[in-house]
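Asks: My questions all concern the structure below.
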Amino acid sequence: MMAANVNRTLMVGHCAPPQLCTTTAIDHRNSSSPLQRFVKGKRKINDIFYEIEDYVLDSSNYVTTLHKENNSIIDEKEVTLVTGYVQKVKGIRDVLSRDHMKVAFFGRTSNGKSSVINAMLRDKVLPSGIGHTTNCFLQVEGSDNGESYLMTEDSKEKQNVKNVGQLAHALCKEKLSESQLVRIFWPKDKCLLLRDDVVFVDSPGIDVSPNLDEWIDKHCLDADVFVLVANAESTLMVTEKNFFHKVSTRLSKPNIFILNNRWDASASEIDFQDQVRAQHSDRAADFLVKELKVCSPKEANERIFFVSAKEVLQARLKEEQGLPPHSGALAEGFPNRYFEFQDFEKKFEECISKSAIKTKFEQHSQRGKSIAQDIKDVMEKVYEKAQNMQKEKLAIKKEVNDKLNFTEQQLLLITQEMKEKIHHMVEDVEQRVSKALSEEIKRLSTLVDEFNTPFHTDKLVLNVYKKELHLHVENGLGSNLRARLSTALALNIETSQREMTERMSALLPDTKRHLPNSVVPRREPFEVLYRLNCDNLCADFQEDLEFRFSWGITALIARFANKGQANKVALANYPSNFNQTVISPCDMGDLSSYYNPQPTTPVASLMRPEDWSLTSKLALASIGSQGTMGGLLLAGMMLKTVGWRIIAFTTALYGCLYLYERLTWTSKAKEREFKRQYVDHATKKLKLIVDLTSANCSHQVQQELSSTFARLCHLVDEATTEMGSEMKSLEKELRALEEAANSAKVLRNKASYLQKELDMFEQVYLRVSVESILHKEPEFPD
Numbered sequence: 001m002m003a004a005n006v007n008r009t010l011m012v013g014h015c016a017p018p019q020l021c022t023t024t025a026i027d028h029r030n031s032s033s034p035l036q037r038f039v040k041g042k043r044k045i046n047d048i049f050y051e052i053e054d055y056v057l058d059s060s061n062y063v064t065t066l067h068k069e070n071n072s073i074i075d076e077k078e079v080t081l082v083t084g085y086v087q088k089v090k091g092i093r094d095v096l097s098r099d100h101m102k103v104a105f106f107g108r109t110s111n112g113k114s115s116v117i118n119a120m121l122r123d124k125v126l127p128s129g130i131g132h133t134t135n136c137f138l139q140v141e142g143s144d145n146g147e148s149y150l151m152t153e154d155s156k157e158k159q160n161v162k163n164v165g166q167l168a169h170a171l172c173k174e175k176l177s178e179s180q181l182v183r184i185f186w187p188k189d190k191c192l193l194l195r196d197d198v199v200f201v202d203s204p205g206i207d208v209s210p211n212l213d214e215w216i217d218k219h220c221l222d223a224d225v226f227v228l229v230a231n232a233e234s235t236l237m238v239t240e241k242n243f244f245h246k247v248s249t250r251l252s253k254p255n256i257f258i259l260n261n262r263w264d265a266s267a268s269e270i271d272f273q274d275q276v277r278a279q280h281s282d283r284a285a286d287f288l289v290k291e292l293k294v295c296s297p298k299e300a301n302e303r304i305f306f307v308s309a310k311e312v313l314q315a316r317l318k319e320e321q322g323l324p325p326h327s328g329a330l331a332e333g334f335p336n337r338y339f340e341f342q343d344f345e346k347k348f349e350e351c352i353s354k355s356a357i358k359t360k361f362e363q364h365s366q367r368g369k370s371i372a373q374d375i376k377d378v379m380e381k382v383y384e385k386a387q388n389m390q391k392e393k394l395a396i397k398k399e400v401n402d403k404l405n406f407t408e409q410q411l412l413l414i415t416q417e418m419k420e421k422i423h424h425m426v427e428d429v430e431q432r433v434s435k436a437l438s439e440e441i442k443r444l445s446t447l448v449d450e451f452n453t454p455f456h457t458d459k460l461v462l463n464v465y466k467k468e469l470h471l472h473v474e475n476g477l478g479s480n481l482r483a484r485l486s487t488a489l490a491l492n493i494e495t496s497q498r499e500m501t502e503r504m505s506a507l508l509p510d511t512k513r514h515l516p517n518s519v520v521p522r523r524e525p526f527e528v529l530y531r532l533n534c535d536n537l538c539a540d541f542q543e544d545l546e547f548r549f550s551w552g553i554t555a556l557i558a559r560f561a562n563k564g565q566a567n568k569v570a571l572a573n574y575p576s577n578f579n580q581t582v583i584s585p586c587d588m589g590d591l592s593s594y595y596n597p598q599p600t601t602p603v604a605s606l607m608r609p610e611d612w613s614l615t616s617k618l619a620l621a622s623i624g625s626q627g628t629m630g631g632l633l634l635a636g637m638m639l640k641t642v643g644w645r646i647i648a649f650t651t652a653l654y655g656c657l658y659l660y661e662r663l664t665w666t667s668k669a670k671e672r673e674f675k676r677q678y679v680d681h682a683t684k685k686l687k688l689i690v691d692l693t694s695a696n697c698s699h700q701v702q703q704e705l706s707s708t709f710a711r712l713c714h715l716v717d718e719a720t721t722e723m724g725s726e727m728k729s730l731e732k733e734l735r736a737l738e739e740a741a742n743s744a745k746v747l748r749n750k751a752s753y754l755q756k757e758l759d760m761f762e763q764v765y766l767r768v769s770v771e772s773i774l775h776k777e778p779e780f781p782d
């Protein structure tokens with residue numbers, strides 16, 4: 001150890017002149033100062049954490065929105081985890097923005113702590129002098145705006161920096177507490193160390209206060225380097241050692257430099273200078289290596305220096321004035337002491353840069369990677385869940401789409417089949433009703449005979465009788481038609497409705513297959529209504545109940561006139577080439593009986609109008625007239641032609657027939673005649689509405705089946721509409737899941753990118769040796 005110190009002293013003896021050494025040191029600090037590594041590293045990690053903060057904010061907004069929209073993808077615990085990192089990252093950014101390289105100076109009273117700081121600052125910033133000078137903690141840091149001011153711990157008011165002599169001086173009447181901090185802001189352009197984010201902390205003498213534990217907790221735990229300023233005129237004291245023993249229990253291997261200040265006093269003891277230096281070095285090295293165990297023997301040799309801060313400050317003040325640094329009253333050997341102070345600054349810069357980067361950045365870098373990894377894991381889970389849910393939704397969508405297409409196709413097929421079936425059934429009903437009604441019309445006389453209401457020819461009574469007869473016929477026909485048709489029609493309709501219900505139910509979802517039963521809730525079988533409305537139909541019926549002798553002249557004329565019309569029709573249909581001249585009267589009679597069978601009696605022969613002579617026709621005309629002359633003429637002609645006996649017999653027989661019919665023309669006979677006339681009239685009228693009634697009945701059946709099928713179709717339409725809505729909902733969910741998956745994928749990849757950024761930061765700033773720091777500028781990929 002002694003040989004190493006001697007060698008370093010010899011090297012100093014061969015160095016360049018102080019002016020040259022100073023200039024070289026300043027130039028070197030400007031170009032490749034290790035402190036710049038911390039500045040660049042701080043800038044870089046701040047940039048990275050700026051990205052991390054944006055990333056965490058984006059992730060927090062994403063998971064919060066996602067949880068509101070779909071909490072099945074992400075749970076509350078994961079949302080809380082991600083959102084909780086917003087404030088944590090903000091806190092890290094705030095710490096990083098305030099982070100700086102902090103060096104704390106400790107030592108006994110009057111060892112020159114403030115002088116050392118002033119020498120490094122190249123100006124008299126802190127109060128210094130003999131005795132107990134510094135009364136509280138003084139922190140010197142750079143001012144960004146070029147101003148110089150100070151602020152006390154309990155106030156944000158900016159004060160004149162000249163007040164530091166009053167506030168911090170131990171001889172001041174208004175003393176601050178020993179543990180209080182006064183922050184002094186000094187322009188960065190006046191000191192390169194401050195420009196490089198170095199903060200100096202001056203402390204009261206550790207031998208004047210027992211509050212060492214409070215000092216350590218309040219001002220030392222975030223220090224990167226400790227400088228023990230010892231008095232070279234004496235050896236290390238127990239007080240100094242005890243303080244750093246306490247520090248080493250709170251911090252793991254603190255970085256400690258030992259400055260043996262006031263080494264200029266050795267110039268008066270030139271003969272023992274080397275021995276004293278060796279003695280101080282050995283004791284300091286033992287303290288660092290064996291007692292504190294904070295470094296190796298080789299490292300300890302690099303952390304023990306012998307300087308004179310007062311001389312260095314004086315020399316640097318001369319330089320600021322443009323004068324040579326060695327001018328003035330300086331002890332012998334100043335160049336060596338000046339160079340060793342510069343060597344201390346160089347080693348100090350290397351150590352504090354390396355220590356600050358490790359202590360300030362490594363923990364934040366690891367924390368940043370941990371945050372990125374946690375969020376990355378969450379995004380990976382979200383991405384996987386979204387992907388799985390997408391697959392499930394796609395399968396459901398395909399199933400619903402297939403079901404929808406199948407339902408629509410089947411609905412078209414069933415609709416076509418049901419239309420044809422309804423059409424055939426309607427035609428069948430129409431034919432059945434038409435046939436049954438025609439048959440019932442033929443049996444109308446039987447139905448009318450069954451009407452037993454008392455008959456009377458009085459006008460008012462007869463009108464009531466007719467109304468009741470209309471009702472009887474209408475009810476009777478309707479009842480007969482129902483008896484013949486309703487059971488079969490109801491069975492066919494019920495069968496058709498059941499078939500419709502079953503086939504349409506098959507198209508409905510399982511949860512709605514019970515609905516068709518409520519759509520067709522028929523408690524009684526369907527019954528066709530036969531609307532005959534006989535009252536209006538036969539309203540024009542006018543009965544004729546006057547007595548008319550059936551063998552009366554007028555009746556006979558009408559009867560024979562009708563038969564004559566029939567004979568004319570028969571002769572018109574006879575072959576045109578038939579020769580009447582060659583046929584005997586007897587044959588003519590046979591032929592006429594062939595075409596129009598009639599009894600061939602003489603009377604009948606006489607009654608044929610075609611065979612009557614002119615005399616007979618005149619007689620008949622006379623009989624038909626109502627005058628006396630006509631009757632006499634007819635009687636005379638008959639008497640002359642057939643004889644009075646035949647006339648008398650015929651007249652008696654004719655009178656008996658008239659008398660019989662007149663006596664039998666009772667109320668019952670009138671009722672029979674009325675019913676006969678009614679049957680004839682109603683038959684004609686009912687035949688006119690056969691087609692209308694059958695069409696009406698078929699329309700009822702068509703309406704019943706069509707309405708049932710329409711209601712069933714409405715249910716299927718509702719089901720298809722719901723399936724369409726479900727398809728749209730699934731498409732919306734799929735789009736949301738796709739967006740969620742894409743966003744999660746982007747955020748997951750962003751986390752990987754940030755982790756790589758932090759890995760490269762650690763590779764460049766935390767895993768590079770001190771030698772590479774000194775010889776090569778760090779390169780960080782863009």
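Going by UniProt numbering, the sequence shown opens with residue 1, and the numbers climb by one from there. Note that beta-carbon positions come from the ideal geometry of N, C-alpha and C, so glycine has one too. Small disclaimer: the values here were computed from a predicted structure and weren't measured.
Below 8 angstroms, how does it come out for the stretch 439-451 and the stretch 461-473: are there three or more Cβ pairs, yes or no?
Replies: yes
Asks: Taking only the alpha-carbon atoms, compute the straight-line gap between Val400 and Glu392 and give it to the nearest angstrom.
Replies: Along the sequence shown, one-based indexing puts residue 400 at 400. Along the sequence shown, one-based indexing puts residue 392 at 392. Straight-line Cα distance between these residues: approximately 12 angstroms.
Asks: For Met101 and Leu35, which I take to be in contact (beta-carbon distance under 8 angstroms), what is that distance rounded to the nearest angstrom?
Replies: Your numbering for residue 101 matches position 101 in the sequence shown. Your numbering for residue 35 matches position 35 in the sequence shown. Taking the Cβ atoms as the reference, Met101 lies roughly 7 angstroms from Leu35, within the contact range of under 8 angstroms.
Asks: So who's on the other strand from Ile487, going by DSSP bridges?
Replies: Here residue 487 refers to the residue found at position 487 of the sequence shown. One detail in the question is off: residue 487 reads as Thr in this sequence, not Ile. Answer is none; Thr487 lacks a bridge partner.
Asks: Can you tell me where the alpha helix (DSSP H) holding Ser725 begins and where it ends?
Replies: On the sequence shown, position 725 is the one that residue 725 refers to. Val690 to Tyr765 is the span of the alpha helix (DSSP H), which, as asked, contains Ser725.
Asks: From Ser729, Val294, Val103 and Ile414, pick the residue whose C-alpha is nearest to that of Phe200; which is it?
Replies: Here residue 200 is taken as the residue at index 200 of the sequence shown, counted from 1. Measuring from the Cα of Phe200, the nearest candidate turns out to be Val103.
Asks: In angstroms with no decimal places, state the Cα-to-Cα distance between Lys241 and Ser179.
Replies: As a first step, residue 241 is located in the sequence shown; it is residue number 241 there, counting from the start. As a first step, residue 179 is located in the sequence shown; it is residue number 179 there, counting from the start. Taking the straight line joining both Cα atoms gives about 20 angstroms.
Asks: Assuming Leu471 is part of the alpha helix (DSSP H), what are its boundary residues?
Replies: As a working note, residue 471 is residue 471 in the sequence shown. Residue range Lys459 to Leu481 is occupied by the alpha helix (DSSP H) that includes Leu471.
Asks: First and last residue of the alpha helix (DSSP H) that includes Met389?
Replies: For this step, residue 389 is matched to residue 389 along the sequence shown. First-last of the alpha helix (DSSP H) with Met389: Gln363 to Lys442.
Asks: Please report how far the alpha carbon of Arg645 lies from the alpha carbon of Cys656, in whole angstroms.
Replies: Mapped onto the sequence shown, residue 645 falls at position 645. Mapped onto the sequence shown, residue 656 falls at position 656. Straight-line Cα distance between these residues: approximately 16 angstroms.
Asks: What does the Cβ neighbour count give for Val603, buried or exposed, with the cut at 16 atoms within 10 Å?
Replies: Residue 603 sits at position 603 when you count from the first residue of the sequence shown. Confidence at Val603 is low in this model, with a pLDDT of 37, below 50, so its placement is unreliable and the value that follows should be read with caution. Answer is exposed; the Cβ neighbour count stays below 16.
Asks: Considering only their Cβ atoms, is the gap separating Lys346 from Ser115 smaller than 8 angstroms?
Replies: The residue given as residue 115 occupies position 115 in the sequence shown. The residue given as residue 346 occupies position 346 in the sequence shown. Contact flag unset, no.
Asks: Have a look at Asn30 and Ser743 and give me their C-alpha separation to the nearest angstrom.
Replies: Translated into the one-based positions of the sequence shown, residue 30 becomes position 30. Translated into the one-based positions of the sequence shown, residue 743 becomes position 743. Unreliable positioning characterises Asn30 in this predicted model, as indicated by a pLDDT of 49, which lies under 50. The coordinate reading is nonetheless provided below. It is roughly 46 angstroms from the alpha-carbon of Asn30 to the alpha-carbon of Ser743.
Asks: Where does Ala572 fall in DSSP's three states?
Replies: As a position in the sequence shown, residue 572 is number 572, starting the count at 1. Any reading at Ala572 needs caution, since the residue's pLDDT is 49, under 50, leaving its predicted position unreliable; the model's value is listed next. Ala572: helix per DSSP, three-state reduction.
Asks: DSSP beta-bridge partners for Asn61?
Replies: Mapped onto the sequence shown, residue 61 falls at position 61. Answer is none; Asn61 lacks a bridge partner.
Asks: Does DSSP put Ile206 in a helix, a strand or coil?
Replies: Counted from its first residue, the sequence shown places residue 206 at position 206. In this structure, Ile206 counts as coil in the three-state DSSP scheme.
Asks: Output the distance between the C-alpha atoms of Glu704 and Thr511, rounded to the nearest integer angstrom.
Replies: Your numbering for residue 704 matches position 704 in the sequence shown. Your numbering for residue 511 matches position 511 in the sequence shown. Cα to Cα, the separation comes out at about 27 angstroms.
Asks: Can you give me the C-alpha to C-alpha distance between Leu330 and Leu251, rounded to a whole angstrom?
Replies: Here residue 330 refers to the residue found at position 330 of the sequence shown. Here residue 251 refers to the residue found at position 251 of the sequence shown. C-alpha separation (whole angstroms): 40 angstroms.
Asks: What do you get for Trp551, buried or exposed, if any count of 16 or more other CB atoms within 10 angstroms of its CB means buried?
Replies: Walking along the sequence shown from the start, residue 551 turns up at place 551. The residue is exposed, with fewer than 16 neighbouring Cβ atoms inside 10 Å.
Asks: Is it buried or exposed, Asp611, if we count other Cβ atoms within 10 angstroms and call 16 or more buried?
Replies: Position 611 of the sequence shown, counting from 1, holds the residue named residue 611. Low local confidence applies: a pLDDT of 47 at Asp611 is under 50, so the model's placement there is unreliable, with the coordinate-based value given in what follows. It counts as exposed.
Asks: Candidates Phe185, Phe49, Val238 and Lys190: which alpha carbon is nearest Glu157's?
Replies: Taking the sequence shown and counting its residues from 1, the one referred to as residue 157 is at position 157. Checking every option, the nearest Cα to that of Glu157 belongs to Phe185.
Asks: Quick one: grab the DSSP three-state call for Pro187.
Replies: Taking the sequence shown and counting its residues from 1, one reaches residue 187 at position 187. Here Pro187 sits in strand by DSSP.
Asks: Let me confirm a value: Arg303 is counted as buried when at least 16 other C-beta atoms fall within 10 Å, else exposed. Which label applies?
Replies: Sequence index remark: in the sequence shown, residue 303 carries index 303 (1-based). Buried: at least 16 other Cβ atoms inside 10 Å.
Asks: With distances taken between CB atoms, is the gap from Ile352 to Asp224 smaller than 8 angstroms?
Replies: Position 352 of the sequence shown, counting from 1, holds the residue named residue 352. Position 224 of the sequence shown, counting from 1, holds the residue named residue 224. In this structure, Asp224 lies closer than 8 angstroms to Ile352 by Cβ.
Asks: Quick test of your reading: Arg432 and Leu485, contact by CB under 8 angstroms. State the CB separation rounded to the nearest angstrom.
Replies: The residue labelled residue 432 in the question sits at position 432 within the sequence shown. The residue labelled residue 485 in the question sits at position 485 within the sequence shown. Correct: roughly 6 angstroms between the Cβ atoms.
Asks: What are the partner residues of Ile258, as DSSP defines its beta bridges?
Replies: Along the sequence shown, read from residue 1 onward, the residue named residue 258 stands at position 258. DSSP, once it has assigned bridges, lists Leu228 and Ile304 as partnering Ile258.
Asks: Shortest alpha-carbon distance to Leu57 belongs to which of Leu313, Phe348, Thr693 and Ile375?
Replies: Against the sequence shown, residue 57 aligns to sequence position 57. It is Ile375.
Asks: Taking the alpha helix (DSSP H) that Ser143 falls in, what are its first and last residues?
Replies: Residue mapping note: residue 143 aligns to position 143 of the sequence shown, counting from 1. Note, Ser143: premise wrong, no alpha helix (DSSP H); beta strand (DSSP E) at Phe137 to Ser143.
Asks: How long is the line joining the alpha carbons of Val716 and Gln387, rounded to whole angstroms?
Replies: The residue you call residue 716 lines up with position 716 of the sequence shown. The residue you call residue 387 lines up with position 387 of the sequence shown. Each residue's Cα considered, the two are about 33 angstroms apart.
Asks: Tell me which residues share the same chain as Ile371 and place their Cβ nearer than 6 angstroms to its Cβ, disregarding the 5 neighbours each side in the sequence.
Replies: If you number the sequence shown from 1, residue 371 lands on position 371. Within the same chain, Ile371 has close Cβ partners Tyr85.
Asks: I'd like the list of long-range same chain contacts for Ser143, defined as Cβ closer than 7 angstroms, with 5 residues on each side in sequence excluded.
Replies: For this step, residue 143 is matched to residue 143 along the sequence shown. Excluding positions up to five away in sequence, the list reads Phe185, Trp186, Pro187 and Lys188.
Asks: Can you give the Cα-Cα distance for Tyr765 and Glu349, rounded to whole angstroms?
Replies: Residue numbering aside, residue 765 sits at position 765 when the sequence shown is read from its first letter. Residue numbering aside, residue 349 sits at position 349 when the sequence shown is read from its first letter. Taking the straight line from one Cα to the other gives about 15 angstroms.
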